[in-house]
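Each step along the sequence shown adds one to the number in the numbering used here, with nothing skipped, and position 145 is 1527.
In this text, a Cβ means the ideal position worked out from N, Cα and C, and glycines have one as well.
Below is one structure, written out as structure tokens; the observations come after it.
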Amino acid sequence: ASLPYDEGYVGSVLARTCNSRMARMTMQAVAFVAASVLGLAQAVPLKYARTSSSAPASAKADFGFDYLHLVQEWPGSFCDTKKGCLWPTNEPTKGFLLHGLWPEFFNGTWPEYCDPAAPFNMTALSDLEDDLHTYWPSLMSPDQASFWAHEWTRHGTCMEPFFTSSAAKEHDFFALTLKLREGFDAFAMLSSKGIGPASTTSWEAVKMALEGTYGHKVEVGCNFDKAGKRQLLEVRTCYQPVLGKIEAIDCPNEGSAVQCGSPTAPIVIPPFHPALYSK
């Protein structure tokens, strides 16, 4: 599921929902987006092609999910669409930025909003705040905390059983997400293979570059810029809980090139920062 930043309020989601995040919300009849959704034509969701038959054996135990999606997006591709973006005040890292860490099931469904009694507490993340601004900013709202609050209430609370022995589950969720991102620096991996901003590549080339370094199958998603040109938007890595630890696995939908046209179709990588876009 690629594209939008998963903001915690209707306007932000609607403004950016053009992929499987829309599919997710529609499937689960989430009242959160009970309004007219804009921009559905930007991309074909990865979720549409997912089946449980391609997934490895479940190791979810009693954690309440089968595996985790770590989703990272290229900010240039997020911002150069017709919807645009709101660049954060604190300059983020030059690279792929975190969208989220999402618990999912191999059958194509997912848990969400699992614990209404676990409110978001920004003060619990004081030691992580600098890293959150650097690697996990919102590109839709100046209120960064509202974005992180949504990621916790919608997705993080569904990982509480995994952090069962901890009294700081919210902190553990954000710390784990940042740690997994550190272990998969997509920008560095692609740059080492000569794939970077202002270049033209393909779904196949991106996957080969990432998987050759990382060692596991990843998912790659695309969207369209204002002119209708297809571009690299998103990379996903997948993980399973095994004996209280998180281990990398091949992503269930790693073989789908639907969003990017075909395995060898040309896709571009726009500049990182909106200020660098050509007029």
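Quick test of the definition: if touching needs 3 or more C-beta pairs under 8 Å, does the stretch 1579–1591 touch the stretch 1618–1630? Here the stretch 1579–1591 makes no contact with the stretch 1618–1630; the two share fewer than three CB pairs at distances below 8 Å.
Rounding to the nearest angstrom, what Cα-Cα distance links P1543 and G1446 in this structure? Numbered from its first residue, the sequence shown carries residue 1543 at position 161. Numbered from its first residue, the sequence shown carries residue 1446 at position 64. Going from the Cα of P1543 to the Cα of G1446 covers about 7 Å.
Suppose contacts are defined by Cβ-Cβ distances below 8 Å. Is S1523 in contact with L1468 by that definition? Along the sequence shown, read from residue 1 onward, the residue named residue 1523 stands at position 141. Along the sequence shown, read from residue 1 onward, the residue named residue 1468 stands at position 86. Result yes, Cβ atoms of S1523 and L1468 sit closer than 8 Å.
Residues bridged to I1631 (per DSSP): On the sequence shown, residue 1631 is found 249 positions in, with the first residue counted as 1. Partner(s): C1620.
May I have the straight-line CA-CA distance separating K1464 from T1471, to the nearest angstrom? As a first step, residue 1464 is located in the sequence shown; it is residue number 82 there, counting from the start. As a first step, residue 1471 is located in the sequence shown; it is residue number 89 there, counting from the start. Cα-Cα distance, rounded: 21 Å.
Looking at A1580 and P1653, is the spacing between their C-beta atoms short of 8 Å? The residue labelled residue 1653 in the question sits at position 271 within the sequence shown. The residue labelled residue 1580 in the question sits at position 198 within the sequence shown. With contacts defined as CB atoms closer than 8 Å, P1653 and A1580 qualify as a contacting pair.
Looking only at its own chain, which residues have a Cβ that is under 8 Å from the Cβ of L1514, when we skip the five neighbours before and after it? Translated into positions along the sequence shown, residue 1514 becomes position 132. Apart from sequence neighbours up to five positions away, the residues of its chain that approach L1514 with a beta-carbon distance below 8 Å are L1507, Q1526, W1530, F1556, L1560, ordered along the chain.
Please look up how many angstroms separate the CB atoms of R1618 and V1600, rounded, as I've assumed it's under 8 Å. One-based indexing of the sequence shown puts residue 1618 at position 236. One-based indexing of the sequence shown puts residue 1600 at position 218. Their Cβ separation, rounded to whole angstroms, is 6 Å, which keeps R1618 and V1600 in contact under 8 Å.
Does the distance from the CB of W1492 to the CB of V1453 come in under 8 Å? Position 110 of the sequence shown, counted from the first residue, corresponds to residue 1492. Position 71 of the sequence shown, counted from the first residue, corresponds to residue 1453. Note that the C-beta distance between W1492 and V1453 is not below 8 Å.
Span of the alpha helix (DSSP H), counted from its first residue to its last, around W1530: Locating residue 1530 in the sequence shown gives position 148, counting from the first residue. Counting along the chain, W1530 sits inside the alpha helix (DSSP H) bounded by residues 1526–1532.
Does DSSP put L1450 in a helix, a strand or coil? Here the question's residue 1450 lines up with position 68 in the sequence shown. The answer is strand: DSSP assigns L1450 an E or B state.
Please state whether DSSP places T1646 in a helix, a strand or coil. Counting from 1 along the sequence shown, the entry for residue 1646 is found at position 264. In the three-state reduction of the DSSP assignment, T1646 falls in the coil class.
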